[in-house]
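Notes to accompany the following structure.
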Amino acid sequence: MQIRNRAFLLLGLFGVVTAGLTGCKKGGDAAADADTIVIGEVAALTGGTATFGQSSHAGTQMAIDEVNAAGGVLGKKIKLVTEDDQSKQGEAGIVAKKLVSREKVVALLGEVASGRSLEMAPIAQKAGIPMISPASTNPKVTETGDFIFRVCFIDPFQGTVMAKFALARGWKKVAVMTDVTQDYSVGLSQYFKEYFTKNGGTIVGEQSYASGDKDFKAQLTSVKEGAPDAILASGYYNEVGLMSTQAKELGIQAPLLGGDGWDSPSLVQVAGKSIEGSFFSNHFSNEDTAPRIQEFVTKYKAKHGTIPDAMAALGYDSAMILVDAIKRAGTTEGKALRDAIAATKDFEGITGKISLDAKRDANKPAVVLTIKDGKFVYVETVAP
Amino acid sequence: MSSVLELNDVSIQFGGLRAVGGLTFSIQPGELVGLIGPNGAGKTTVFNLITGVYQPTSGSIKFGGVSVPGHKPHQITKLGIARTFQNIRLFSSLSVFDNVRTAKMMHLQHGIAHSLFRGPAFLDEEAMIENEVFDLLDIFDLGKEASTPCKSLCYGDQRRLEIVRALATKPKLLLLDEPAAGMNPTEKEELMHLIQFIKDKFQISVLLVEHDMKVVMGICQRIAVLEYGVKIAEGTPAEIQSNPKVIAAYLGTEDGKGPLDA
Amino acid sequence: MDQFVQQLLNGLFLGAIYALIALGYTMVYGVLRFINFAHGDVFMLGAFGGLYVHKALAPLLNALPWPLALAVVMLASMAICAALGIAIEYFAYRPLRTRPRLNVLITAIGVSLFIEYTGQLVFGATQQPFPALIPRQNISGLGGLTVTMTQVIVVVVTTALLIGLRYIVMRTRLGLAMRALSLNPTAAALMGVNTSVVISFTFGLGSALAAAGGILYASLYPSVDPFMGIQPGIKAFVAAVLGGIGNIPGAALGGMIIGVVETLVTGYSQKLGIPSGYKEGVAFIILILILLFKPSGLLGKVEREKV
Amino acid sequence: MQLLLKYRTQAFLLLALLVSFVVSQASDNIDGYVLQIMLVAGINIILAVSLNLVNGHTGQFSLGHAGFMGVGAYMSAAVSVEMGPSILGLLGGPSTLSHGVTFVIALLVGGLCAAVCGWMVGVPSLRLRGDYLAIVTLGFNEIIRVVFQNTSSSGPFGGALGMRGIPDYSTFFWVFGIAAICIYVVASMVNSTYGRGFLAVRDDEVASESMGVNTVRYKVVAFVLGAFFAGLAGGLYAHLFGAIDPKGFGFLKSVDIIIMVILGGMGSTLGVVVAAIGLTALNEQLRDAEKFRMIVFSILLIVMMIVRPQGLLPVTFEKKRRKSA
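Protein chains in written order, with this note's numbering: chain C, 58 to 441; chain E, 370 to 631; chain W, 2 to 308; chain A, 142 to 466.
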């Protein structure tokens, strides 16, 4: 027989092969028995944004462990099934499908990155299973449908917070550095500019870069010409650290402004003294003296040896809100659960008092932090 | 009678080096011409000029009245010039059959679309080509090796296959680049018969570049001698053998026995 | 005007580092005729080598004046990477010596991915700060222009290595053997050149150069991660091709050109009205244009296929 | 019976289309996750078989297949998102038929745009060989990514965020129907007198020219056709996941496809199909060991090149015997 025909035959046999290969994994992970509730989590445990994914996973896991230690919910234990999407496009969709069809999860938690949450959302929506994203700040995420929620604020709010903050300090001239490979950074810059220019500020320079870049001298030299009062660096900490040192080398004294993407100890390690006196908005401050926050910080530190960052806190909150809703709904049935989540009001989370609005977004304040002596120090809270 | 191939004052220059200078010669229909010369005399360069691999710096090359320069090598093959290579260049991953079949491609009436739809016209044509290829292979006693990978043929057979492949393009002029290289005396003897046979059977002209004087002198009707890219002599084998310029070119001196004494 | 000069300086210093990496690329290609795709990853290993050597010897190094400490870290990391380079060649490339060049290229891609992902496993995916081996201070007295100490050191070391490499290739017996090998491996072997030793040496030398580049790069941009070698690796490759691959001064020239062009495009994109994000593509556009119009590069020789 | 034997290749294609249609009708009964993996494997088959035409059969080493896939994904998604509603309106509202028509138009637009890009890469390839060509295709891949990345975030392509909410048209029928057509086209083209030209170009360009083979034409055809199918695969991908972004079509995606081609055996359609399926399944198996996945694949690549460069299922020689006329 000729090659082409064999190839066709193979195509026919293929169904059996895949079914066999993927089928042999079923055994251990079999779906819920009567006395457990299965919740699915999609997180980037490896790959480019693994830092965020690992943190949010740690927070989520901690929440579930606490609930189980306290006897579970509705008299059942909760089982958290976590799938890694490798920080890659497409993978979040696949693992979300896997969780829905294989593990029969009652709800989905995740993802941190908006792009990947947008892959999961249609799957959850179609399956009629509620999904709560801990930290996807792009407005489009919850627009997918009425089963999709989030526990963090959204980019327009975050952009507005920093713009308000800059204006309040009397900084009228701001330059913007955007990471064009990150939708998060693009969005943040855009919303910042909108509010800032509408309220009397001027943008004196717009430069862009790509994730993984190390040299920002060309952009900063151009930025310097506009003599900005501050520079918005809306990307992630990886690049902001280097940007900060190079800015100081070029004699730029203006502080940097940023969003929650700065939240990593690595920022200060790389930037050193140069980042002192810069500001960024975040979901919570681990310095907050509220007892429930300090309790969370202590417990997290005991377990992981590090101070929790915002992603960990958001992961924790997303799981807790879900558990709370299951409790109130008294069932894990999709629609009822969705209605219960939607009714969340004034939930006392680690990242603030959370209420979900009509767009299924969290309505809550942001905090502004500054870097002082190598530490993130609380400056002020900005209400929505 | 008009010439098959006519080179008129052809020169080519690589940087500062003049590889071929002012070369003029022609080949008549049905003629078997030899092109000889010491190493580096520019024989293969002449082949590459005729087959369009190189473009001449000046001069004209006419094949059947058509100017060759400016044509791509594959277009020149379509005009009717086929060649073999000094170092065998078979399609190493293909079978003997497919090597020859490749040369049939340019005679195809049907193009890419037919190979996709595989209709009756296509199947008929494929069958016809298959027959032609087998006919040709059988003539050279390679029919039974049709499915053999060409790499596993013995050296002499590979040389032969290359000639068969060139013949499959149905050329009017066949250029053979050192076909006897690496052959033992018996094989050389066979090769001489083979070249004669091809010339007569297919009614074509042959231009032969060869180092082995016994082969060249044995079969060529006319011989041209190149030295440093310039033609220094032309004539029948007997004339060439006695030409003092040629002897000097090969030996550098006028005494002693050289390859021309063979 | 000041701004333009500053941008030009930015570009030249960026170019110097590309040039340094390109040296290794071009030398390996010059001798062995294949693109060592993993060069950028050895560069990354060099930076991590420096990081760990510094960690291990911190008390000792802190006692030394900085130029000496830098030299110790650099030489140690260069030695480690030279050994790694020789090992890579021995295990991955040597079995392929007689195979088509493309097979070697595919293997090189495999080696590159292997180093990156093993690096991710061993070092972790997150970036780590690189110690200040060179004092982070500006050179004073240049008016409004900014030049850092690190940048000066980069240029000094690059120039020194360029001259040293040229000396090795042109003036030493091993260099002669390398050149012979690049012209005709078989003939070189027949003339008594121990090709295996020469190839190992070439790889060792190339990897040591990459390591030096890695440490200087990490000093300029003090954060290291397992994927840090990809971008500069590609840029340096383009620089090597631009200068004429196989040509050592060409690599330096190519690096400088890429650095300056990239910096100017980035710095003036806003004025020119193109999104500055396109700078990512600049190196590739240069590469494609060069290969289409002058495949031998600016200083390279034309090669003809023998028919 | 005789007729069936004579046109067996076409018969196999029809059978494959029929089977994928039937399975498609019953796909609701397949576990969603298994179905998803099968569809991913199908798309990988198209990518690998089409890349094999360029890299395997024609011997032009392209490192930029994901770029063509990206063009196809973006363009087809743009058609179904931007123009979809008006096409549906013309055809009297949403129905299986109108969705099908929209999808076909979208896929064709995506495939054709990718083919144009393939032509743009193919033309310079005429002057370049081997490793240089590989690097230039890599460059094209990156340039395509950079262009999509720098589109306006409010425009149709969405910049860094990419495109979202693409209708989920990719069903079992479409994916495997197109996979079958792709295999049919590549295999039947290569297995003809015309198609031997691709192999001849791979083996020796100078000798090919001297046999009257227009090497330029073959290389361009290979690139254009390869890119066209990659574009279709991209369109299927976009309409399977419903979301695409520029980062997903970078160098690493190209490497994924190359690994399939090398593992299966360059030039072996059967081998490449097996490899595409096998690696997709392996990918799922290694999901829990993601840290090791690329390490495993890279070692696989190195070891394959050293031990078995012809691939696991290399091309076998067709037995040719003279048919008694």
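Each residue gets a CB set at the ideal place from its N, CA and C atoms; glycine is no exception.
Check your understanding: Considering only C-alpha positions, which residue in the set A59/W, L13/W, A70/W and Q129/W is nearest to D226/W?
Key -> Position 225 of the third sequence, counting from 1, holds the residue named residue 226/W. That would be Q129/W, whose Cα lies nearest to the Cα of D226/W.
**Study point:** C-alpha gap between L279/A and I285/A, whole angstroms
**Key:** Residue numbering aside, residue 279/A sits at position 138 when the fourth sequence is read from its first letter. Residue numbering aside, residue 285/A sits at position 144 when the fourth sequence is read from its first letter. Cα to Cα, the separation comes out at about 10 Å.
Check your understanding: Mind checking C323/A: buried by the 16 CB within 10 Å criterion, or exposed?
Key -> For the purposes of this step, residue 323/A is identified with residue 182 of the fourth sequence, where counting begins at 1. Label assigned to C323/A: buried.
Check your understanding: Can you give the Cα-Cα distance for D172/A and E425/A, rounded to whole angstroms?
Key -> Here residue 172/A corresponds to residue number 31 of the fourth sequence, with the count starting at 1. Here residue 425/A corresponds to residue number 284 of the fourth sequence, with the count starting at 1. Between D172/A and E425/A, the C-alpha separation is close to 15 Å.
Practice item. Under 8 Å by Cβ, that's how I've got G259/A and F364/A pegged, so tell me the actual separation to the nearest angstrom. Key: What you label residue 259/A is simply residue 118 of the fourth sequence in a count that begins at 1. What you label residue 364/A is simply residue 223 of the fourth sequence in a count that begins at 1. About 4 Å; that satisfies the 8 Å criterion.
Review point. Is there a Cβ from chain C that is less than 8 Å from the Cβ of Q8/W?
Key: Along the third sequence, read from residue 1 onward, the residue named residue 8/W stands at position 7. It does; some Cβ of chain C falls within 8 Å.
Review point. CB G51/W to CB S78/W, shorter than 8 Å?
Key: Along the third sequence, one-based indexing puts residue 51/W at 50. Along the third sequence, one-based indexing puts residue 78/W at 77. Judged by their CB atoms, G51/W and S78/W are nearer to each other than the 8 Å cut-off.
Check your understanding: Going by beta carbon distance, what residues of the same chain come within less than 7 Å of A399/C, once the five residues before and after it are set aside?
Key -> Start at 1 with the first residue of the first sequence, and residue 399/C comes out as number 342. If we look at A399/C and ignore the five residues flanking it on each side, its Cβ neighbours are L413 and R417.
Exercise for review: Kindly indicate if chain W contains any beta-carbon less than 8 Å away from that of V396/A.
Suggested key: The sequence position of residue 396/A within the fourth sequence is 255, counting from 1. Yes, contact with chain W.
Practice item. Check each residue of the segment 237 to 263 of chain C: if its Cβ is closer than 9 Å to any Cβ of chain A, include it; give the result in chain order. Key: Cβ contacts with chain A: V237, T238, Q239, D240, Y241, S242, V243, G244 and Q247.
Practice item. Indicate whether at least one CB of chain C lies closer than 8 Å to the CB of N291/A. Key: Residue numbering aside, residue 291/A sits at position 150 when the fourth sequence is read from its first letter. Under the Cβ criterion of 8 Å, N291/A is counted among the residues facing chain C.
Point to revise | 8 Å Cβ cutoff met for D374/C and S321/C | key: Indexing the first sequence from 1 puts residue 374/C at position 317. Indexing the first sequence from 1 puts residue 321/C at position 264. No, Cβ-Cβ distance for D374/C and S321/C is not below 8 Å.
Point to revise | alpha helix (DSSP H) segment containing F433/A, residue limits | key: For the purposes of this step, residue 433/A is taken as the residue at position 292 of the fourth sequence. It spans E431 to V448 - the alpha helix (DSSP H) in which F433/A sits, taken as one unbroken run.
Review point. Can you tell which of Y294/C, Y293/C and V163/C has the C-alpha that lies nearest to the C-alpha of L394/C?
Key: What you label residue 394/C is simply residue 337 of the first sequence in a count that begins at 1. It is V163/C whose Cα lies nearest to the Cα of L394/C.
Review point. Using a C-beta cutoff of 8 Å, does V262/W count as contacting chain A?
Key: Position 261 of the third sequence holds residue 262/W. Taking Cβ atoms only, chain A never reaches closer than 8 Å to V262/W, which makes this a no.
Review point. For P518/E, which of helix, strand or coil comes out of DSSP?
Key: Numbered from its first residue, the second sequence carries residue 518/E at position 149. P518/E: strand per DSSP, three-state reduction.
Review point. What are the residues of the segment 270 to 287 of chain W that lie near chain C, defined by any Cβ-Cβ distance shorter than 7 Å?
Key: Listed by position, the residues of the segment 270 to 287 of chain W near chain C (Cβ gap below 7 Å) are Q271, P276, S277, G278 and E281.
Check your understanding: Is it the case that the Cβ atoms of F38/W and S113/W are separated by a distance below 8 Å?
Key -> Position 37 of the third sequence, counted from the first residue, corresponds to residue 38/W. Position 112 of the third sequence, counted from the first residue, corresponds to residue 113/W. Yes, Cβ-Cβ distance for F38/W and S113/W is below 8 Å.
**Study point:** Below-8 Å beta-carbon distance, R483/A vs any chain W residue
**Key:** Here chain A comprises residues numbered 142 to 466, so residue 483/A is not present and cannot be evaluated.
Review point. How long is the line joining the alpha carbons of L459/E and C519/E, rounded to whole angstroms?
Key: Translated into positions along the second sequence, residue 459/E becomes position 90. Translated into positions along the second sequence, residue 519/E becomes position 150. Cα-Cα distance, rounded: 7 Å.
Point to revise | Interface flag, G268/W vs chain C, CB-CB below 8 Å | key: Here residue 268/W is taken as the residue at index 267 of the third sequence, counted from 1. Flagged as an interface residue toward chain C: G268/W, by a C-beta distance shorter than 8 Å.
Check your understanding: Shortest alpha-carbon distance to L420/A belongs to which of F433/A, A368/A, T410/A and G405/A?
Key -> Taking the fourth sequence and counting its residues from 1, one reaches residue 420/A at position 279. For the residues F433/A, A368/A, T410/A and G405/A, the minimum Cα distance to L420/A belongs to G405/A.
**Study point:** For Y433/C, the residue or residues it bridges with in DSSP
**Key:** Taking the first residue of the first sequence as position 1, residue 433/C is located at position 376. According to the sequence as given, residue 433/C is Phe; it is not Tyr. Per DSSP, I428/C.
Exercise for review: Could you run through the segment 482 to 499 of chain E and flag, in chain order, every residue whose CB is less than 9 Å away from some CB of chain A?
Suggested key: Cβ contacts with chain A come from H483, S484, L485, F486, R487, G488, P489, F491, L492, E494, E495, A496, I498 and E499.
Point to revise | CB contact below 8 Å: K147/A versus chain W | key: Locating residue 147/A in the fourth sequence gives position 6, where the first residue counts as 1. Taking CB atoms only, K147/A has no neighbour in chain W less than 8 Å away.
Point to revise | Residues bridged to E405/C [DSSP beta-bridge criterion] | key: On the first sequence, residue 405/C is found 348 positions in, with the first residue counted as 1. Note: E405/C sits in a beta bridge opposite K410/C.
**Study point:** I445/E - partner residues in DSSP beta bridges
**Key:** The residue labelled residue 445/E in the question sits at position 76 within the second sequence. Paired residue(s): none; I445/E is not in a bridge.
Check your understanding: Should Q8/W be labelled buried (16 or more other beta-carbon atoms within 10 Å of its own) or exposed?
Key -> The count along the third sequence starts at 1 and reaches residue 8/W at position 7. By the neighbour-count rule (16 or more Cβ atoms within 10 Å), Q8/W is buried.
Review point. Is the CB of F209/A under 8 Å away from at least one CB in chain W?
Key: For the purposes of this step, residue 209/A is identified with residue 68 of the fourth sequence, where counting begins at 1. Chain W, which has no Cβ nearer than 8 Å to the Cβ of F209/A, makes this no.
Practice item. Taking L404/E as part of the beta strand (DSSP E), name the residues at either end of that continuous run. Key: The sequence position of residue 404/E within the second sequence is 35, counting from 1. Element bounds for L404/E: L401 to I405.
**Study point:** Nearest residue (CA-CA) to R173/C, options Y248/C, N339/C, I288/C and V198/C
**Key:** Taking the first residue of the first sequence as position 1, residue 173/C is located at position 116. Each of Y248/C, N339/C, I288/C and V198/C was checked against the Cα of R173/C, and the nearest Cα belongs to V198/C.
Point to revise | First and last residue of the uninterrupted beta strand (DSSP E) at E375/E | key: As a first step, residue 375/E must be located in the second sequence, where it is residue number 6. E375/E -> beta strand (DSSP E) spans L374 to F383.
Check your understanding: If we count the other Cβ atoms within 10 Å of its Cβ and call it buried at 16 or more, is M171/W buried or exposed?
Key -> Taking the first residue of the third sequence as position 1, residue 171/W is located at position 170. Classified as exposed, M171/W has fewer than 16 neighbouring CB atoms from the shown chains inside 10 Å of its CB.
**Study point:** G300/A: contacting residues in chain C (beta-carbon distance under 8 Å)
**Key:** By 1-based counting over the fourth sequence, the position of residue 300/A is 159. Residues of chain C passing the Cβ test: V237, D240 and V243.
Review point. Where Q382/E and N185/W are concerned, what is the direct C-alpha to C-alpha distance, given to the nearest angstrom?
Key: Sequence index remark: in the second sequence, residue 382/E carries index 13 (1-based). Sequence index remark: in the third sequence, residue 185/W carries index 184 (1-based). Rounded to the nearest whole angstrom, the C-alpha separation of Q382/E and N185/W is 25 Å.
**Study point:** Which of helix, strand or coil DSSP assigns to L313/C
**Key:** As a position in the first sequence, residue 313/C is number 256, starting the count at 1. Strand at L313/C.
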